[in-house]
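> The structure's right below; bear with me while I get my questions together.
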Ligand SMILES: *[C@@H]1O[C@H](CO)[C@@H](O)[C@H](O)[C@H]1NC(C)=O
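Numbering (the numbering used here), first residue to last: 5 to 154.
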């Protein structure tokens, strides 16, 4: 019984159900900022298994290396090397957890949720998520592999 409890506790920890889930990302050229943590939840392992009609929490911790009044998010799916634009319901970073204006050396959290619509195809692809500053430079840019399924 005791051992069983330990196994369950360990599994919960491994699944990341207990705390936030930092995912291993690829930096796709953050220029005017520095990525610290990319948290996608729930996503216990890569590729992130994204189930249709479910929502996923995204929490990106980064440091800005520039002053910027605005910030704009852009998301793309990359399928066999071909980028497909993805329309975020709200692409304003300043309405997504970031206190604006952004100051140089300020640590920020970009918070968003992603709803996987039933119309999306069931495919494996990469998701590229970036945040751009006033000058259109990337404050952050990360890529993670995902797999969409029903
Ligand atoms: C985002 O992540 C940071 C650092 O891990 C944490 O302090 C913060 O509470 C998180 N915010 C949300 C809304 O999950």
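Quick reminder that beta carbons are idealized off the backbone N, C-alpha and C, glycines included.
1) So, does the region 116-129 touch the region 61-77, judging by three or more C-beta pairs under 8 Å?
2) From the DSSP output, in three-state form, read off residue 104 for me.
3) Indicate, with yes or no, if ligand 1 has a heavy atom lying under 7 Å from the CB of residue 65.
4) Name the DSSP bridge partner or partners of residue 77?
5) Compute the beta-carbon to beta-carbon distance between residue 54 and residue 151, rounded to the nearest angstrom, for a pair I have assumed lies under 8 Å.
6) Using the DSSP secondary-structure output, state which residues sit across from residue 122 in a beta bridge.
7) Count the other C-beta atoms from every protein chain shown that fall within 10 angstroms of the C-beta of residue 123, then say buried if there are 16 or more, exposed otherwise.
8) Which class does residue 32 belong to by DSSP, given the choice of helix, strand or coil?
9) Thinking residue 114 and residue 140 are a contact (beta carbons under 8 Å), I'd like their distance in whole angstroms, please.
10) On the DSSP letters alone, give me the boundaries of the beta strand (DSSP E) that residue 38 sits inside.
11) Per the DSSP calculation, residue 130 is bridged to which residue(s)?
12) Please name the residue in 40, 56, 30 whose C-alpha comes closest to that of residue 68.
13) At a cut-off of 7 Å, is residue 41 close to ligand 1 when judged by its beta-carbon and the heavy atoms of the ligand?
14) For residue 63, report the span of its beta strand (DSSP E) as first-last.
Quick look at the numbers:
1) yes
2) Within the chain shown, numbered from 1, the residue matching residue 104 stands at position 100. The answer is coil: DSSP assigns residue 104 none of H, G, I, E or B.
3) Within the chain shown, the letter at position 61 stands for residue 65. Yes, ligand 1 has a heavy atom inside 7 Å of this Cβ.
4) On the chain shown, residue 77 is found 73 positions in, with the first residue counted as 1. BP columns for residue 77 point to 135.
5) Against the chain shown, residue 54 aligns to sequence position 50. Against the chain shown, residue 151 aligns to sequence position 147. At roughly 7 Å, the Cβ-Cβ gap stays under 8 Å, so residue 54 and residue 151 are in contact.
6) Along the chain shown, read from residue 1 onward, the residue named residue 122 stands at position 118. Looking at the DSSP assignment, residue 122 forms no beta bridge with any residue, so it has no partner.
7) Within the chain shown, numbered from 1, the residue matching residue 123 stands at position 119. Flag for residue 123 reads exposed.
8) As a working note, residue 32 is residue 28 in the chain shown. It is coil, neither helix nor strand.
9) For the purposes of this step, residue 114 is identified with residue 110 of the chain shown, where counting begins at 1. For the purposes of this step, residue 140 is identified with residue 136 of the chain shown, where counting begins at 1. Between residue 140 and residue 114 the Cβ distance is about 17 Å, and since that is not below 8 Å, they are no contact.
10) As a first step, residue 38 is located in the chain shown; it is residue number 34 there, counting from the start. DSSP places residue 38 inside the beta strand (DSSP E), whose first and last residues are 37-45.
11) Within the chain shown, the letter at position 126 stands for residue 130. According to DSSP, which records beta bridges pairwise, residue 130 is partnered with 82, 149.
12) In the chain shown, the residue the question calls residue 68 occupies position 64. Ranking the options by Cα distance to residue 68, first place goes to 40.
13) Within the chain shown, residue 41 is the residue found at index 37, counting from 1. For ligand 1, at least one heavy atom lies less than 7 Å from the Cβ of residue 41.
14) As a position in the chain shown, residue 63 is number 59, starting the count at 1. First-last of the beta strand (DSSP E) with residue 63: 59-68.
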